[in-house]
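Scroll down for the structure; my scribbles are underneath it.
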């Protein structure tokens, strides 16, 4: 169904986030696309394009957040953890640790896990990735924000919003 307010949000799957609350949405107002980190993966861009092309959204928002789990590891750490075991890992002050024996996979080294080192930079990177996709029309504005999980405020990332302007 087309969203009532004709926009889509790409945000993180973190259970602490409630896009309806921080964006003042009612049910049916917007398409909300969620993944680990709220990153502009191929699948996220696919969903945004469907939201526009078939369901009429006219604006997109990329919203990352403070204290994101995607900041706690790198591609190398994820690859090493999967290489040791496919079971759930644990984290403490010393970092990530595998907790179990069991089946493992070396395939993790072939995936870009889209981890985050700097929130503002990752929001800007994602807005640029969306805007430069050959599937995205030039007249869709894309805005970049960071949600502060402690204060509940949305903070605009000016570099991201500038990169997402309609040209």
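Residue numbers (the working numbering): 324 to 490. In this text, a Cβ means the ideal position worked out from N, Cα and C, and glycines have one as well. On a predicted model such as this, the values are computed, not experimentally measured, just so you know.
Beta-bridge analysis with DSSP links residue 381 to no other residue. One Cα belongs to residue 407, the other to residue 332, and the distance between them is close to 35 Å. Taking C-beta atoms as the reference points, residue 466 and residue 383 count as a pair closer than 9 Å.
Rounded to whole angstroms, the separation of the alpha carbons of residue 427 and residue 421 is 11 Å. Within the segment 324-357, the complete beta strand (DSSP E) segments of 3 residues or longer fall at 330-335, listed in chain order.
Non-local beta-carbon contacts of residue 429 in its own chain, meaning distances under 7 Å to residues more than five positions away in sequence, involve 406 in chain order. Take residue 411, set aside five residues on each side of it, and no residue of its chain has a beta-carbon closer than 6 Å to its own. Annotation: residue 458 is outside any beta strand (DSSP E) and is labelled neither H nor E by DSSP.
In the structure shown, residue 448 adopts helical secondary structure according to DSSP, grouped into three states. A distance below 7 Å between beta-carbons, with the five flanking residues on each side excluded, links residue 480 to the following residues of its chain, in chain order: 443, 446, 447, 467, 468, 469. By the criterion of a C-beta distance shorter than 6 Å, residue 458 is surrounded in its chain by 372, once the five residues flanking it on both sides are discounted. With 16 or more other CB atoms across the displayed protein chains lying within 10 angstroms of its CB, residue 393 is buried. Annotated as proximal: residue 357 and residue 334, with beta-carbon spacing under 9 Å. Sequence-distant partners of residue 402 (beyond 5 residues in either direction) whose C-beta falls short of 6 Å from its own C-beta, in its chain, are 431, 432. Non-local beta-carbon contacts of residue 456 in its own chain, meaning distances under 6 Å to residues more than five positions away in sequence, involve 368 in chain order. With a minimum length of 3 residues, the unbroken runs of beta strand (DSSP E) contained wholly in the segment 393-455 fall at 413-415, 418-420.
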